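Below is one structure, written out as structure tokens; the observations come after it.
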Amino acid sequence: MDNVIPVALLVALTVYLIWTIPNFASLGNLSDTSRQLGEFGLVVIGMTIVMLGGGIDLSVGSSFALANLTALALINVAKWPLEAAIAATVGVGALVGLVNGFLIGFLRLRAFLTTLVMMTLLRAIFELLLRHYSVRIASSDVDSDAWNFIGSGSILGAPVSFVVLVVVATVAHVVLSRLRIGWRITAVGGSRRAAYNAGIPVRATVCLTYVISGVLTSFAGTLYAARLSGAGPDTGLGLELSAVTAALLGGNSIGGGRGSVGKALMGAIIVSLLTNGLVRLGLESGASSMVVGFVLLLAIAIDVRWGKWRHKLRARVYVSPTYLALPPAPRLDEVSSPFAINDRLRDVDIIGLGEVDGPEDVILDEDDNLYCSVRQGEIIRFLAPDHTRREVYAHVGGRPLGMAFDRDGGLVVCIAGMGLYRVDKDRTVHKMTAETNRSAFSIIDDSRMRLADDLDIAPDGKVYFSEATIRYGFEEWVVDALEGRGNGRILRYDPAAGATRTVVRNLLFANGMCMAHDCKSLLFAETWGCRVSRYWLEGPKAGTTEVVIPDLPGYPDNINRGSNGAYWVALAGTRTPSYDLAMTMPAFRRRMARRVAGDEWLFPNVNVGCVVHFDGKGRVLETLWDSAGENHPAITSMREHRGYLYLGGVTNNRIGRIKIDGADPHWTGPSSYWGDRR
Amino acid sequence: MTPVRKALDRWLGRGEASITTPPMDGAFRPNDLLDAAASVLQAPAPDDLAMTGLGLIVSSGRSLLLVNRSGDAPVAVFDVDITALAGLPDGGAAVALVDGRIVFVGGRCDGKTIEAKTEVRCITALATSADGALLVANGSAARGPAEWKRDLMEKGASGSVWRLEPASGAWTQIAGRLAYPNGLLDNGDSIVVSESWRCALTRVSRGAGGRLAPVLEDLPAYPSRLSRDRDGAVWLALFAPRSQLVEFVLSEDRYRRRMIDDIDADYWVAPCLRSGSSPLEPTQQGGVKQLGVTKPWSPSRSYGLVARLDGAFRPQASLHSRTNGRRHGVTSCLASEGRVYFTAKGDGVVGSHAYRGSMS
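So this is what it looks like as structure tokens:
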């Protein structure tokens, strides 16, 4: 989105210049322009890197002139070999950058004033040296094919300096966007304090940006020397102004932290086209500078305003509700319905009342200890046999959600904002995975996990886990509900290969995950779709999904195994006619999101508790309700264990326990998964 | 320019079309006084209060009950529901029924029935006039009192105020095109009417064809019955809170139409006397129970509110039952001998709270 304005400007400018200036698009002119662009582009890239790190480098013009003179003096007068001369010139540039960097990065002087002084100082040195060498440079002649080739040769029809620019730009792009140092520069520019707190060596990073700028500028000066073989008092004069203009105009932020090489190039092209075009339009050189100055003012104004508006604008266009028609809701008031309302969950035994904050998932081990994942980023354990003693089993950070025991008794946890983690039996916490393959055509980066929700483990140790939505974090799940879009997915982590792949995409808030009793398929819940589906892992339908329960009366959360080959699914809330209607009217919801305060948004009824018991074919056996939500509104998880059902809720402050009639009093989850496989 | 701006505002949701509700502040600052008030009588749906020679009476469904003697048999039981009451100067009471009849109980006219008038089938309030006539508020020309929610969501404004001569049974219309008049108070040369859907009190002048003038506007809740105590203070019951969401739905014609046509009225996005009694009711994001607690400040479709206004109808103080309270849907209130009585129709309670000039 940041690129829209510069691209539009570039297109408009090009069209205008071609239209008004004859032969503007001619090969000769383009070649000439691109040769100058090669030099200018390098300076702009350097400037962009400095600005990305939160600084500014006004010394580039003088530094450019100094490099030009150095190169000419070494090659024309001192007759150094070409390689040594270029290396020495770049060395001078690096030294200038290092001085800048030392003063600004380590002594923490102001970037603006420091480089301004440096500009004046270098200009003075340049003029002193120029007096000494100008005649000798002009009178000497260099007979080097390589030097001439750099100055006026072409590679595949493109001027050498332009090719150099393309190579440098590519490398710089990769460094800035893919390598650690690039991210560090961006982080420092975005927020020095946060970068410091994250352990980034802020001072060295800032210093480095000036060194890079110095190197690139001196390299550009060398190319200029090769092209013109001369130096004058106006060499590099006003270059800093053009470079800042170009960097800003391309869309790099003057405040740091936002920018790219692509933007730098775009800005460089715009400014060179503009200056070139102005000269050809016959404007005097003073007028040309004036225009560049005005453009700089404009660019600064746009940068500042855009920085203020972009969040608002983004918030306006980011939320995009879609049409979602659910099948007719089953009736709750008919006694014959398997979903008929009752109050069987009203009288539960309560565990840990007020001692847990939002136990999203509960799980029990073979020794009857009860674990739950709570808001503070902890796994809380209630010790067997009576579950009255409470301890912090492990601090994992983030917002832990779904849990499962693996073969070795390690607790695998989905953590919103972090990914998939494992707590070993000795309570050490390990990261299993936090990223997956990026989708080919996704605009937002969906390789990182924002909201890992629930998981289950296959007999071969592969972990299947759900990411509820790729567009929002845990705190914003309500907005995802408002969108009603298939933003969720199922991922598979293979511990043997250490690799994570996305296996199913476009799910309506992928939530509960449960390995079927025969381990041939995976049951999963799509919360906004009010349905439970199956993903086949093996057999003739391997790799396909099918719906198991299409019309739940509410919004399913975690799914877990029960005894006698059955399953449990928690309903975090009930469908309401008013919300179902709203889901079929996306424009209504979009307007609601914009005009009504978040706390006032229409919502499904989550002040109700419900757990549904179903068999492997998707037949509903019974439904347990807390219709007024007295003890258990918004149940998000339940586990059957030795004839009892344990209940957890993401916004609740207690865990419930209720005896289940007809349940196998010896059945436990860990033995169901690993009993005969350990 | 104005129509263009109006259309633009509507499109962008700003200006007059922005979704705002008055805050509960100043005299309407929330408290828990309604919940702290003593429960005087439990009844299925206590609706309107009136002071008679027998004492304070309340209507609940088809019965007329004595408030302070809950064990006693009903004063009267009718064949249909009662919709409004008024105490008469002679100690009797006028009782409006859902089919439009007005029946007199006690007093000089005991047993007398005035047959329904075709245009007046939604009697929401009765009041006595100083000249002996009866003032009648007719909520809507199209809908009965049981369908008030529909009248609100259809943005009804077909209510009227009438004058009835008890002796002759002659009806005279005083004012029309009111947005659900739901309470009446004789104010000397004028009548003050609470217009529920406009969230305002309106003055209707007796002469000159019933000229209307606003008295109190921008109430934070939907007003209902009015009464005046001995000190000249006015008591106003407000039966449901305004909410941004409801105002928004009111501005969304297509959604509103489909909701009215397809969904049972109990499950509408609309105010109600008691919310949270069915899993099919809508909730709002801020209304989600946290750690087992319903937050008192969370948005709700029902609320309990009684306001005390001074003689000039300026709000002075108020009694609340907030989102987590159990005294919602207050349809009437009446002050007598240092206590204010109120009917929490949503929760089936008649309560009373002591006050002495001020409330604490």
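Chains A and B, in that order, give the protein sequences. Position one of the first sequence corresponds to residue 1 (UniProt numbering), numbered consecutively onward. Position one of the second sequence corresponds to residue 1 (UniProt numbering), numbered consecutively onward. Using N, Cα and C, we set each Cβ at its ideal position, and we do this for glycine too. All values derive from a computational prediction rather than experimental measurement.
Runs of the alpha helix (DSSP H) spanning 4 or more residues and lying entirely within the stretch 178-216 of chain A occur at 180-190 and 192-197, in chain order. In the three-state scheme derived from DSSP, where H, G and I count as helix and E and B as strand, Lys79/A is classed as coil. DSSP places Ile655/A within a strand segment (E or B) once states are collapsed to three. Sequence-distant Cβ neighbours of Thr322/A in its own chain, meaning closer than 7 Å and more than five residues away, are Glu483, Gly484, Arg485 and Pro586. When the alpha-carbon of Val596/A is set against those of Ser18/B, Met153/B, Val4/B and Trp11/B, the nearest one is in Ser18/B.
Residues of chain B whose Cβ lies closer than 9 Å to the Cβ of Pro577/A are, in chain order, Met259, Asp262, Ile263, Asp264, Tyr267, Trp268, Leu280 and Pro282. Taking a C-beta distance under 9 Å as the contact criterion, Val161/B and Val204/B qualify as a contact pair. Taking 8 Å as the upper bound for CB-CB distance, Val532/A and Pro556/A are in contact here, some 6 Å apart. For Cys333/B, the beta-bridge partners assigned by DSSP are Phe342/B. Per DSSP, the unbroken alpha helix (DSSP H) holding Asp151/B starts and ends at Trp148 to Met153.
Within a 10 Å sphere around the beta-carbon of Gly26/B sit fewer than 16 other beta-carbons, which makes this residue exposed. In this structure, Ala137/B is the residue among Ala137/B, Leu245/B and Asp266/B with its C-alpha nearest to the C-alpha of Ser224/B. The Cβ-Cβ distance between Pro220/B and Ala200/B does not fall below 9 Å. DSSP, read as helix, strand or coil, puts Val75/B in coil. Contacts between Leu66/A and chain B, judged by CB atoms closer than 8 Å, are missing: the closest CB pair is about 56 Å apart. Against chain B, the beta carbon of Thr574/A has neighbours under 8 Å at Pro279 and Leu280, listed in chain order.
A distance below 7 Å between beta-carbons, with the five flanking residues on each side excluded, links Gly61/A to the following residues of its chain, in chain order: Met119, Gly236, Leu237, Gly238, Leu239 and Glu240. Across the structure, Lys6/B and Gly15/B are spaced so that their CA atoms are roughly 8 Å apart. By the CB criterion at 9 Å, Leu370/A and His395/A fall outside the cutoff. When the five nearest sequence neighbours on each side are left out, the beta carbons in the same chain lying within less than 6 Å of the beta carbon of Val547/A are those of Arg531 and Ser533, in order along the chain.
Proximity of the stretch 124-139 of chain B to the stretch 163-176 of chain B meets the contact definition, three or more beta-carbon pairs being nearer than 8 Å. Rounded to whole angstroms, the Cβ separation of Gly259/A and Thr48/A is 6 Å, and the two are in contact under 8 Å. Of Leu152/B, Trp297/B, Ala175/B and Ala335/B, the smallest CA-CA separation from Arg163/B is found for Ala175/B. Restricted to the stretch 272-330 of chain B, not a single alpha helix (DSSP H) segment is unbroken, complete and at least 4 residues in length.
For Ser243/B, the C-beta contacts it makes with chain A under 7 Å involve Glu600, in order along the chain. The beta carbons of Leu278/A and Val291/A sit about 6 Å from each other, so the pair counts as a contact at 8 Å. Contact between the stretch 435-454 of chain A and the stretch 496-509 of chain A is present: 3 or more CB-CB pairs across the two stretches fall below 8 Å. Under the Cβ criterion (8 Å, minimum of three pairs), the stretch 268-284 of chain B counts as touching the stretch 235-247 of chain B. Residue pairing of Gly554/A in beta bridges, as defined by DSSP: Thr574/A. Arg35/A and Phe162/A do touch by the CB rule: their CB atoms are close to 6 Å apart, below 8 Å.
Taking a beta-carbon distance threshold of 9 Å, Ser18/B counts as an interface residue toward chain A. Under DSSP, Arg390/A takes part in a beta bridge, and its partners are Phe382/A. Of Asp90/B, Leu54/B and Lys112/B, the smallest CA-CA separation from Ala96/B is found for Lys112/B. At least 9 Å separates the CB of Glu154/B from every CB of chain A.
With contact defined as three or more Cβ pairs closer than 8 Å, the stretch 512-531 of chain A and the stretch 619-628 of chain A are not in contact.
Beta-carbon to beta-carbon, Ile351/A and Phe405/A are separated by about 19 Å, too far to satisfy the 8 Å threshold.
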